[in-house]
Structures are given as structure tokens and as C-alpha cells.
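Colleague: To start, I am sharing the structure in question, which I have written as C-alpha cells.
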Amino acid sequence: MHPYRTHTCGELRMDHVGQTVRVSGWVFRKRDHGSLLFFDLRDHYGLTQVVVQPDRSFFEECQRIRSESVIIVTGRVVARSEETINETLPTGRIEVVAETLTIESMADPLPFQVNIDDDGPEETRLKYRFLDLRREHLHKNIMLRSQVIASLRRRMMAQGFTEFQTPILTSSSPEGARDYLVPSRVHPGRFYALPQAPQQFKQLLMVSGFDRYFQIAPCFRDEDARADRSPGEFYQLDMEMSFVTQDDVFAVVEDVIHGVFTEFSNWTIDSTPFVRIPYATAMVKYGTDKPDLRIPIEMQDVSDLFRASKFNAFRGMVEKGGVVRAIPVKGIADKPRSFFDKLVEYAQSLGSKGLAYLVWEGGAIKGPIAKFLSEEELKALAARGGMTDGDVMFFVSDMVHTVNKICGDLRTKLGRDLDRIAKGVYRFCWIVDFPMFEFDEETRTVGFSHNPFSMPQGGMKALCEKDPLEILAYQYDIVCNGVELSSGAIRNHSPEIMYKAFEIAGYPASEVDKRFGGMINAFKLGAPPHGGIAPGVDRMVMLLSGESNIREVIAFPMNQKAQDLMMNAPNTVTEKQLRELHIKLNLPKEKNSEVRSQESATI
RNA sequence: GGGGGCGUAGCUCAAUUGGUUAGAGUCCCAGACUGUCGAUCUGGUUGUUGCGGGUUCGAGUCCCGUCGCUCCCGCCA
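Heads up, the first sequence is in our numbering, so the first residue is 24 and it goes up one at a time.
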């Protein structure tokens with residue numbers, strides 16, 4: 024007989040009755056009747072009830088076994104009597120009567136209960152991650168993650184993509200996020216950087232003629248965390264294709280994403296092709312470039328209707344170059360005054376000067392600003408928003424950037440507070456036509472708005488002839504339920520166009536050569552038109568599992584401050600290690616002595 | 001770097017306008033119990049109320065500072 028098990032804890036059924044089997048696992052629950060004792064034995068596959076009779080030599084020892092100890096049980100599979108069948112367990116019609124029992128690993132009292140999915144303090148859960156991972160909830164998420172990744176691989180390969188590995192130790196790229204640096208021992212004073220994404224490598228693979236690349240790629244960025252953004256590292260389904268248009272990329276991604284979401288969820292999923300929304304439209308209608316389409320509220324620009332109105336605050340803003348945005352909401356005219364007051368307060372907390380609104384009620388139009396507007400203006404507003412009795416239209420006016428931010432937040436809040444977010448659906452969209460350049464208010468200069476490697480729409484002609492701020496790029500995002508899954512682009516594979524684009528952004532050709540010499544050189548030796556995208560794997564699993572925190576879909580996540588509380592990373596290193604790397608520390612002053620003593624205790 | 005929220009037993013939480021010795025469930029320990037399946041019953045241990053200071057006759061409660069976690073802004077080509 025196998026030393027540990029002949030069957031798993033999820034395996035035994037009525038067919039096995041009469042067999043002598045061996046099962047191993049963790050003690051999930053113990054029910055001690057004094058002269059009879061039950062264990063629920065758990066492993067990855069399920070739960071099996073073990074019965075220990077009082078005449079067994081190991082009976083008393085069993086009474087002392089704590090939860091989560093690992094035991095090995097050999098015994099007979101017995102059918103349970105009719106009244107003791109547990110229908111809630113797949114193995115609930117049988118039990119194993121222990122003949123021998125070995126405590127393989129006795130567990131100390133636990134920092135939190137594994138058999139209760141109540142989540143304890145996150146700090147403790149992270150420190151004892153292996154315990155948390157035993158719990159059904161996390162265990163299931165991590166299994167889902169693995170299955171999703173396997174499915175992504177299958178689907179990519181089915182579409183003719185080849186999986187590659189690219190370097191982890193590479194060079195620092197001057198654009199983008201902060202890099203994680205790794206000092207070189209062999210080259211004093213020089214550093215590798217961990218890749219923020221395999222961007223240049225995948226483009227070089229296209230230049231190498233591999234045609235279709237993909238990778239479940241680890242990406243490293245030293246930026247602060249969010250609920251949906253793991254600090255330090257995350258994974259992307261990175262892909263790149265040669266000789267493709269934007270639509271070709273969309274078709275591939277739609278097939279993979281729609282397929283995966285259909286495979287792992289029974290929610291309703293938008294049919295392909297996913298709706299495409301130009302960036303400029305998205306900013307007006309939703310106030311953001313990652314709209315949650317589950318919320319049935321679409322905003323409108325109504326600046327023109329206030330340009331000549333008697334409402335001075337708005338008219339003045341429009342004259343100054345600002346905008347007025349309307350948020351029409353159906354059927355909330357009967358909300359109490361406090362609802363509106365609170366919303367006004369919320370808008371102000373977002374930085375809005377106020378929140379005007381009109382209420383269509385009982386055939387009349389009421390609200391704080393109604394008296395400033397002519398009948399024609401009110402009629403025009405009603406027509407724009409399709410307002411009928413019971414509807415309310417909110418107005419925000421400011422410079423366009425501020426209006427977008429405030430309206431985007433308000434729309435989401437209204438959707439949530441009014442419970443208007445459609446349930447059980449995944450709503451996808453593509454945001455397309457991102458601007459190639461943007462004006463940086465701080466530096467008063469024109470810079471790249473997203474990826475400097477994107478192909479400008481209209482190519483060299485557009486760069487030479489158009490106002491840079493008018494030029495669009497073949498740059499796109501895919502968004503699901505308000506979560507940005509990914510950015511991608513058709514790349515700029517022409518050295519001339521790239522030099523020109525960088526010139527507009529204020530970088531001379533020499534600078535481009537210095538920073539991206541490798542890639543530019545490659546493009547000078549025969550580069551195919553190519554493009555790609557890199558949907559975030561962690562975020563996909565998050566959406567599929569319904570988690571609102573990305574740590575719930577990562578086996579060993581770091582906390583918000585980018586620490587691994589279980590492995591105690593980052594940590595100090597020895598003098599010798601530093602010496603070999605030619606590194607001398609120049610640390611900031613410690614805040615207090617308590618921190619110092621804690622740190623020295625961990626070394 | 002900035003703002004919000006939280007911090008009471010190992011865990012989940014309670015404690016009246018500031019008022020006696022800070023409670024309950026769970027875990028743990030001991031005892032009882034032959035059909036449980038969140039076993040049950042009896043008893044017991046567990047506290048620098050995150051830390052420091054202040055106001056007060058009296059602080060878990062109010063004030064200030066600080067630390068930790070978390071959410072958001074900045075940041076994330």
C-alpha cells in the first residue's frame with residue numbers, strides 16, 4: 024500500500040464500500056463525542072469523514088489532535104446508515120473507519136481559523152498566506168487563475184501564436200514607470216532593470232520574423248499600489264502580430280477574451296465585435312477613458328446652450344473656454360431633498376464649484392437654476408437628454424479636464440447609489456483614437472500622451488502638417504465593467520516617422536538613438552508593420568472571480584507598501600553582498616528608534 | 001508625497017451623554033458525552049483598549065501627536 028494514500032479525500036463513493044483504503048490530509052474539523060470521534064479530513068480534492076472508535080489504541084491521541092494537523096488514516100470504507108448520510112458532501116454517503124492513524128504533522132493553535140472563510144486582518148492573512156490559501160475561497164481563486172492561464176495559452180496557440188520567453192534582467196527604459204534595479208557585480212556602478220513589460224523584445228521578435236508572439240509575461244513596475252494594482256509585479260497576456268491592422272488585433276483579442284469569459288463565467292457577455300468608442304466621445308459621455316457600460320447614464324456636452332444664457336456662472340465659464348456637461352438621470356425626481364443636497368456636497372468634495380440640476384416634475388421644470396433659463400433653452404436641454412416627467416438633469420461646469428473628472432465620478436456614484444449597475448453582465452468596449460500628443464500644463468510643452476512607439480494616424484503626413492494636439496494614434500484600450508484590461512497599439516515601425524514624432528515631443532534624433540538605439544537599428548534593417556496588446560491577467564481573473572481586490576487572485580501578493588510579510592521582503596543584506604556589488608548605503612534618517620530595533624530584530 | 005477610513009482577547013465583535021473590576025461568541029486548556037457533520041454541555045485561561053502625551057475627580061469613549069493596515073489622489077509610456 025502507498026505510504027500516504029490510495030485515494031484522495033474527494034474520491035470515495037459507495038462503490039468503494041468494503042475496501043481498505045489510505046487517505047491523508049488536514050484535520051478540517053473534529054467532533055469529539057468522548058467515546059466516538061469524527062474527523063473531516065481535507066485535501067485539495069475534498070472532504071472525507073473519518074470515524075475513530077473508542078477501542079482503538081490511538082483514540083486518546085486523536086482527542087488531542089488540533090485543527091489543521093496532517094494525519095494519515097488507514098481503514099475500511101463503510102456505508103453510512105440512512106439517518107447519518109450527509110447530502111451536502113459528495114463523499115457524504117460513506118465514511119472511513121480508522122484502523123491505523125498517524126499524526127504526520129501536529130499543528131500549533133492557529134492565528135486564524137481555516138475552516139471559517141471569515142477574513143481576518145489582512146496583515147495576519149498575508150503573513151500566514153499558506154494558511155489563507157488552504158481556505159476554500161482563496162484556494163478556488165488560485166485554481167481559477169491557473170485554469171484561466173491554461174485556457175489563454177490554448178486559445179493563443181490555436182490562433183497560431185508562439186510563446187516566447189524574454190529577459191528578466193534587462194536594461195532600464197527611460198520612459199514610463201520607475202524601474203526595479205538590479206546591481207551588476209561584474210560591472211561596478213551599472214544596473215540591470217527588471218522589465219516593465221517586454222515591449223521592445225516583442226517588437227524585436229516581430230522584426231525577427233516570428234510573426235505572432237505571445238507570453239504570459241511578468242512585468243515589474245515600482246509604483247504605488249491600488250486595489251486593482253499589485254505593487255511591484257503583475258502578469259500580462261502579452262502579444263504582438265506582424266502585418267496587421269488595428270481590426271486584426273481586435274479580432275484576435277475578442278476571440279480570446281470572449282472565449283475565456285464564456286468558459287469561466289455564466290454571466291452575460293457582450294457579443295463580438297465589442298463596441299468601439301473614440302477617446303473623445305468616451306470623455307464626454309462617461310468622463311473617463313475606462314467607462315463602466317453597465318451604468319445606463321450617458322452625459323452630454325451642453326456648453327452651447329449656456330453660451331448665451333442668463334445663468335452667469337456657466338456662461339462665464341464657457342466664455343473662459345470651459346464647458347458645461349449635463350448628466351441626465353431617469354426617474355429620480357421623487358428623491359428627497361437630502362439626496363440632492365448630499366450629491367451637491369459630494370460634487371464639491373470632488374472639487375466642483377457646485378452641482379446645478381433641473382427636475383422635470385408634474386409638467387413643470389424646477390430646480391435651483393430653472394429661473395435663469397429661457398423656455399427655449401429648457402426645451403433644448405430636455406430634447407438633448409430625452410427628459411420626461413420624473414427625470415433629473417445635473418450640470419457641472421469648469422475647464423474640460425476638471426469636468427471630466429467630476430462627471431466621471433458622479434456618474435459612477437449615481438450608478439452605485441441608485442443601484443442602476445446592471446448585474447450579472449460583462450460589458451466590454453474598445454476605446455480607440457487616443458491622441459498621440461498632449462499638452463503638459465506643468466512644463467508647458469507637448470509630450471507623448473501614451474506610448475511613444477504608437478503609429479500616428481496619417482503617418483508622416485499628419486506629423487508634418489497637423490497641429491500635434493489634433494493627431495490621433497493607433498492606440499487602443501480594452502475596458503470591461505470600468506476596469507482597464509489593457510492598452511495596445513499599432514506600432515511605429517518607420518525610423519523616419521519615429522524621429523519626427525520624437526522631435527515633436529522635444530527629443531532630437533541623437534537622443535532617440537541613445538535611448539532606443541537597439542530598436543531603431545532593427546527598424547533600419549527591414550521591419551514589418553506590427554501591433555499588439557497586453558491584457559492584464561490578474562485583472563481578468565479578478566473580474567471572473569468577482570473579487571474587488573487584486574491580492575485575492577495572487578497566491579503570494581505583497582501588501583500595499585510592496586512588502587512580502589511572509590518572506591520578509593524587502594530585507595537588508597550582508598556587508599559582504601553589498602561589497603561585492605560595490606554599493607555603499609546612504610540611508611535617510613530613521614524616524615524613531617522603535618523602527619530601528621524592529622529592523623535589527625529581523626536580520 | 002497628500003487626503004479619508006479603521007485599530008478593544010489569537011480571531012469576529014460589544015461596551016448608554018465620559019462613570020464601578022472592559023464583556024460575548026469563537027479559538028485554546030480541562031472535564032462530561034457512542035452517530036456527529038459549524039456536534040453538544042460544564043468549567044477555565046486569554047487585555048499595556050496600537051503607542052505616547054493632554055483635558056478631566058474619572059478616558060476604550062474627548063483633544064493632539066505618532067505607528068500600523070487599508071481605500072483614494074499623485075504616480076502607473
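Glycine is no exception: its CB is placed at the ideal position from the N, C-alpha and C atoms.
1. Go ahead and label GLY41 buried or exposed: buried means 16 or more other beta carbons lie within 10 angstroms of its beta carbon, across all protein chains shown.
2. Given a threshold of 16 other Cβ atoms within 10 Å of its Cβ, counted over all protein chains shown, does TYR258 qualify as buried or as exposed?
3. Decide if THR466 is buried, meaning its Cβ has at least 16 other Cβ atoms within 10 Å, or exposed.
4. Look up ASP432 in the DSSP assignment and give the residues it is bridged to.
5. Just the C-alpha distance for ASP357 and GLU400, rounded to the nearest angstrom, thanks.
6. Give the straight-line distance between the Cα atoms of SER294 and ALA274, rounded to the nearest whole angstrom.
7. If we call anything under 8 Å between Cβ atoms a contact, is ILE527 one with VAL469?
8. Name the residue from ARG148, HIS25, SER568 and LEU492 whose alpha carbon lies nearest to the alpha carbon of LEU588.
9. Taking 6 Å as the limit between beta carbons, can you name the residues of its chain near GLU622, skipping five residues before and five after?
10. Using beta-carbon positions only, say whether ASN504 and ARG249 come within less than 8 Å of one another.
11. Among HIS39, ARG79, LEU60 and THR111, which has the Cα closest to the Cα of LEU70?
12. What residue ranges within the segment 548-573 form continuous beta strand (DSSP E) runs of no fewer than 3 residues, ordered along the chain?
13. For the candidate residues GLY555, ALA532 and GLY554, whose alpha-carbon lies nearest to that of ASN544?
14. By Cβ distance, which residues of its chain are closer than 6 Å to ASP234, with the 5 residues on each side in sequence left out?
15. Per DSSP, what kind of secondary structure is GLY310 in: helix, strand or coil?
16. Tell me the DSSP secondary structure of PHE457 in three-state form.
17. Within the segment 53-128, note down every full beta strand (DSSP E) run reaching 3 residues or more, in order along the chain.
18. Could you tell me which residues DSSP pairs with LYS389 in its beta bridges?
19. Given a cut-off of 8 Å on the beta-carbon distance, is the pair LYS225 and GLU256 in contact?
20. Determine the direct distance from the alpha carbon of LEU492 to that of VAL209, and round the result to whole angstroms.
21. For the beta strand (DSSP E) containing THR468, list its first residue and its last residue.
22. Could you give the residue range of the beta strand (DSSP E) that holds VAL14?
23. Start and end of the alpha helix (DSSP H) containing THR369?
24. Give the DSSP-derived three-state secondary structure of PHE135 in the structure shown.
25. Could you tell me the alpha carbon to alpha carbon distance between HIS162 and TYR380, rounded to whole angstroms?
26. Report yes if the CB atom of GLU118 is closer than 8 Å to the CB atom of ARG103, and no otherwise.
27. So, PHE457 versus SER472, is the Cβ gap smaller than 8 Å?
28. Do the segment 307-323 and the segment 338-354 meet, that is, are 3 or more Cβ pairs less than 8 Å apart?
29. Terminal residues of the continuous alpha helix (DSSP H) containing ASP141?
30. Can you tell which of MET478, MET416 and CYS85 has its C-alpha closest to the C-alpha of GLY511?
31. Taking Cβ positions, are VAL74 and PHE61 nearer each other than 8 Å?
32. At which residue ranges does the segment 401-452 contain complete beta strand (DSSP E) runs of 3 or more residues, listed in the order of the chain?
33. When we look at the beta-carbon of GLN238 and count the other beta-carbons within 10 Å, is it buried (16 or more) or exposed?
34. Hey, how far is the Cα of THR29 from the Cα of ARG602?
35. Could you tell me which residues DSSP puts in a beta bridge with ALA349?
36. With a cut-off of 8 Å on the beta carbons, I'd call LEU566 and VAL171 a contact; round off their distance for me.
Modeller: In this structure, then:
1. Working through the first sequence from its first residue, we reach residue 41 at position 18. GLY41 should be labelled exposed.
2. As a working note, residue 258 is residue 235 in the first sequence. Buried.
3. The count along the first sequence starts at 1 and reaches residue 466 at position 443. With fewer than 16 Cβ atoms within 10 Å of its Cβ, THR466 is classed as exposed.
4. Position 409 of the first sequence, counting from 1, holds the residue named residue 432. DSSP output for ASP432 lists no bridge partner at all.
5. The count along the first sequence starts at 1 and reaches residue 357 at position 334. The count along the first sequence starts at 1 and reaches residue 400 at position 377. One C-alpha to the other measures close to 23 Å.
6. Looking up residue 294 in the first sequence gives position 271. Looking up residue 274 in the first sequence gives position 251. Cα to Cα, the separation comes out at about 12 Å.
7. In the first sequence, residue 527 corresponds to position 504, counting from 1. In the first sequence, residue 469 corresponds to position 446, counting from 1. Against a cut-off of 8 Å, the Cβ pair of VAL469 and ILE527 comes out as a contact.
8. Walking along the first sequence from the start, residue 588 turns up at place 565. It is ARG148 whose Cα lies nearest to the Cα of LEU588.
9. One-based indexing of the first sequence puts residue 622 at position 599. Per-residue confidence for GLU622 stands at a pLDDT of 35, beneath the threshold of 50, marking its modelled position as unreliable; no derived number is given.
10. For the purposes of this step, residue 504 is taken as the residue at position 481 of the first sequence. For the purposes of this step, residue 249 is taken as the residue at position 226 of the first sequence. In this structure, ASN504 lies away from ARG249, with their beta-carbon atoms at least 8 Å apart.
11. The count along the first sequence starts at 1 and reaches residue 70 at position 47. Checked all of HIS39, ARG79, LEU60 and THR111; the closest Cα to LEU70 is THR111.
12. The DSSP assignment places complete beta strand (DSSP E) segments of no fewer than 3 residues inside the segment 548-573 at 553-556, in order along the chain.
13. Along the first sequence, read from residue 1 onward, the residue named residue 544 stands at position 521. The shortest C-alpha separation from ASN544 is found at ALA532.
14. Position 211 of the first sequence, counted from the start, is the residue given in the question as residue 234. Cβ within range, chain order: SER265.
15. Taking the first sequence and counting its residues from 1, one reaches residue 310 at position 287. Three-state result, GLY310: coil.
16. Within the first sequence, residue 457 is the residue found at index 434, counting from 1. Coil at PHE457, not helix or strand.
17. Positions of the beta strand (DSSP E) runs, each at least 3 residues long and wholly inside the segment 53-128, are given as 60-66, 69-75, 93-102 and 117-128 in order along the chain.
18. Position 366 of the first sequence, counted from the first residue, corresponds to residue 389. Beta bridge pairing from DSSP links LYS389 with VAL382.
19. Numbered from its first residue, the first sequence carries residue 225 at position 202. Numbered from its first residue, the first sequence carries residue 256 at position 233. No, the Cβ-Cβ distance between LYS225 and GLU256 is not below 8 Å.
20. On the first sequence, residue 209 is found 186 positions in, with the first residue counted as 1. On the first sequence, residue 492 is found 469 positions in, with the first residue counted as 1. Cα-Cα distance, rounded: 46 Å.
21. Here the question's residue 468 lines up with position 445 in the first sequence. Unbroken beta strand (DSSP E) run through THR468: 468-471.
22. This structure gives no information on residue 14, because the portion of the chain shown stretches from 24 to 626.
23. Taking the first sequence and counting its residues from 1, the one referred to as residue 369 is at position 346. The question names Thr, yet the displayed sequence has Tyr at residue 369. For TYR369, the enclosing alpha helix (DSSP H) stretches over residues 360-372.
24. As a working note, residue 135 is residue 112 in the first sequence. DSSP places PHE135 in coil when its eight states are reduced to three.
25. Counted from its first residue, the first sequence places residue 162 at position 139. Counted from its first residue, the first sequence places residue 380 at position 357. Whole-angstrom Cα-Cα distance: 49 Å.
26. Reading the first sequence from its first residue, position 95 is the one you call residue 118. Reading the first sequence from its first residue, position 80 is the one you call residue 103. Taking 8 Å as the cut-off, the Cβ atoms of GLU118 and ARG103 count as close.
27. For the purposes of this step, residue 457 is taken as the residue at position 434 of the first sequence. For the purposes of this step, residue 472 is taken as the residue at position 449 of the first sequence. At a Cβ-Cβ threshold of 8 Å, PHE457 and SER472 count as neighbours.
28. Yes, they touch.
29. In the first sequence, counting from the first residue as 1, residue 141 sits at position 118. Element bounds for ASP141: n/a, residue is neither H nor E.
30. Taking the first sequence and counting its residues from 1, the one referred to as residue 511 is at position 488. The candidate whose alpha carbon is nearest that of GLY511 is MET478.
31. Your numbering for residue 74 matches position 51 in the first sequence. Your numbering for residue 61 matches position 38 in the first sequence. A contact, by the Cβ cut-off of 8 Å.
32. If we require 3 residues or more, the beta strand (DSSP E) runs fully inside the segment 401-452 come out as 415-421.
33. Residue mapping note: residue 238 aligns to position 215 of the first sequence, counting from 1. Classification of GLN238: buried, given that the 10 Å Cβ count is 16 or more.
34. Counting from one through the first sequence, the residue named residue 29 turns up at place 6. Counting from one through the first sequence, the residue named residue 602 turns up at place 579. Rounded to the nearest angstrom, the two C-alpha atoms are 53 Å apart.
35. Numbered from 1 along the first sequence, position 326 holds the residue referred to as residue 349. In the DSSP secondary-structure assignment, ALA349 is bridged to GLN323 and PHE418.
36. The sequence position of residue 566 within the first sequence is 543, counting from 1. The sequence position of residue 171 within the first sequence is 148, counting from 1. For LEU566 against VAL171, the beta-carbon gap comes to about 10 Å, at or over 8 Å, which does not count as contact.
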